[in-house]
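Participant:
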Amino acid sequence: MNTLPTLSTTATSASSVAGSPYAITASGAVNANYTISYVPGTLTVTPASLTIIADNQTKVYGAAVPALTASYAGFVNGDTPLSLTTSPTLSTTATPASSVAGSSYP
């Protein structure tokens, strides 16, 4: 090959799953011994994995159930919990009267 092909796509590291697939094009290769044709390809963006972890909580018998919180692992491109279309629902079967003998509660 006298001149290697140039490959390009409009996809970036911030390209969304919703916009996928993105075209990949080739052009510019030169070699006098070949008639060169190009067939476009596609780049498919798949969802990143996001793990939502219910944080462990502790309460004293008779006290109110503490606010339930979660931690997140896997956000990319500056996304945060505020980026979620629907926030996770956090719940427990524990009540202020839950006994110590019944620990640990989901």
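The numbers in the sequence shown follow our numbering, run straight up by one, and end at 107. Virtual Cβ for every residue (Gly too), placed ideally from N, Cα, C.
For the segment 58–106, list the beta strand (DSSP E) runs that are entirely contained and at least 3 residues long, ordered along the chain.
Facilitator: As far as the segment 58–106 is concerned, its whole beta strand (DSSP E) runs of at least 3 residues are 71–74.
Participant: Would you report the Cα separation of residue 70 and residue 104, rounded to the nearest angstrom?
Facilitator: If you number the sequence shown from 1, residue 70 lands on position 69. If you number the sequence shown from 1, residue 104 lands on position 103. Whole-angstrom Cα-Cα distance: 18 Å.
Participant: Under three-state DSSP, which class holds residue 44?
Facilitator: Stepping through the sequence shown from its first residue, residue 44 is reached at position 43. Strand, per DSSP.
Participant: Assuming contact is defined by CB atoms lying nearer than 8 Å, are residue 66 and residue 97 in contact in what I supplied?
Facilitator: Within the sequence shown, residue 66 is the residue found at index 65, counting from 1. Within the sequence shown, residue 97 is the residue found at index 96, counting from 1. Yes, they are a contact pair.
Participant: Check whether the segment 35–49 touches the segment 7–24, counting contact only when three or more Cβ pairs, one atom from each stretch, lie closer than 8 Å.
Facilitator: At 8 Å Cβ cutoff, the stretches touch.
Participant: Determine the DSSP secondary structure at residue 25, reduced to helix, strand or coil.
Facilitator: Position 24 of the sequence shown, counted from the first residue, corresponds to residue 25. If DSSP states are grouped into helix, strand and coil, residue 25 belongs with the strands.
Participant: With residue 9 as the anchor, note down where its beta strand (DSSP E) starts and where it stops.
Facilitator: On the sequence shown, residue 9 is found 8 positions in, with the first residue counted as 1. Residues 7–10.
Participant: Whole angstroms is fine: what's the gap from residue 61's alpha carbon to residue 100's?
Facilitator: Working through the sequence shown from its first residue, we reach residue 61 at position 60. Working through the sequence shown from its first residue, we reach residue 100 at position 99. If you take the alpha carbons of residue 61 and residue 100, they lie about 10 Å apart.
Participant: On a Cα-Cα basis, can you pick out the residue from 107, 3, 95, 77 that is closest to residue 64?
Facilitator: Along the sequence shown, read from residue 1 onward, the residue named residue 64 stands at position 63. The shortest Cα separation from residue 64 among 107, 3, 95, 77 belongs to 95.
Participant: I think residue 79 touches residue 51, with their Cβ atoms under 8 Å apart; what is that distance to the nearest whole Å?
Facilitator: Stepping through the sequence shown from its first residue, residue 79 is reached at position 78. Stepping through the sequence shown from its first residue, residue 51 is reached at position 50. Rounded, the Cβ-Cβ distance is 14 Å, inconsistent with contact.
Participant: Suppose you measure from the CA of residue 87 to the CA of residue 81; what does that come to, to the nearest Å?
Facilitator: As a position in the sequence shown, residue 87 is number 86, starting the count at 1. As a position in the sequence shown, residue 81 is number 80, starting the count at 1. Cα-Cα distance, rounded: 12 Å.
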